[in-house]
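Below is one structure, written out as C-alpha cells; the observations come after it.
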Ligand SMILES: [Zn+2]
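In our numbering, the protein residues as written are 1 to 135.
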C-alpha cells in the first residue's frame, strides 16, 4: 500500500525461536508515518507492540522496510529508526518499494545488530538465499 503511494513501508516478522531456527508465523504492520525516504513508528505504537508481543508469547524476529531503490541500511536505519535493539536482532531492507519477486532473499539487504551497531551479514546473493526457507 505505502509503496504504491511512493513511500517506504515497515513491518515486523514475529514468531518463535527454537532449535536454532527463527520461525516466522505472522507479519505485523505497525501504525506508522511514511514518506518517500523514511518511516516513523510513534512511541505509543512501539509500546502497544511490546504489550501485544508479551501477551501473545511471540518474539519480534526481524524488522523489514522498503527503500525507493537500492536496499541498504541508511544512516537513519542505523541510528534512529530501529524498533529492534537487542543483540541478534535482524533487519531486512527490500529494494524498489517492495515491488520485487517476494521470495528472493538474494536481492534483500540483511543486517544483524551486535549490541552496538548494525552489520551487514553478507552481500553474497546465494548465501542470503540459503538463510531463508518457506515452509
Ligand atoms: Zn532504510
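Here a beta-carbon is modelled for each residue, glycine too, at the ideal position from N, C-alpha and C.
Model, not experiment: these values are computed from the prediction.
Distance between beta carbons of residue j and residue i, contact taken as under 8 Å
i, j, result
"residue 33", "residue 65", "13 Å between Cβ atoms; not a contact."
"residue 59", "residue 16", "6 Å"
"residue 62", "residue 37", "Not a contact, Cβ separation roughly 21 Å."
"residue 3", "residue 97", "3 Å"
Residue environment, residue i, which counts as buried when at least 16 other CB atoms sit within 10 Å
i, result
"residue 128", "buried"
"residue 67", "buried"
"residue 7", "buried"
"residue 26", "exposed"
"residue 79", "exposed"
"residue 77", "buried"
"residue 90", "buried"
7 Å Cβ shell around residue i - same chain, five flanking residues per side excluded
i, result
"residue 119", "111 and 112"
"residue 95", "67, 69, 70, 71 and 107"
"residue 29", "11"
Alpha-carbon to alpha-carbon, residue j and residue i
i, j, result
"residue 82", "residue 13", "14 Å"
"residue 31", "residue 102", "22 Å"
"residue 74", "residue 55", "32 Å"
"residue 22", "residue 47", "23 Å"
"residue 88", "residue 121", "11 Å"
"residue 116", "residue 85", "9 Å"
"residue 57", "residue 126", "33 Å"
"residue 20", "residue 135", "16 Å"
Own chain partners of residue i with C-beta closer than 8 Å, once the 5 adjacent residues on each side are dropped
i, result
"residue 104", "129"
"residue 24", "13, 14, 15, 61 and 62"
"residue 5", "34"
"residue 53", "14, 59 and 60"
"residue 99", "3"
Close beta carbons around residue i, own chain, < 6 Å, minus the five adjacent residues each side
i, result
"residue 109", "71, 72 and 93"
In chain order, each beta strand (DSSP E) run of at least 3 residues that lies wholly inside the region 26 to 72: 59 to 66
Residues around ligand 3, please: the ones whose beta-carbon is closer than 5 Å to some heavy atom of it, in chain order. No copy of ligand 3 appears in this structure; the ligands present are ligand 1.
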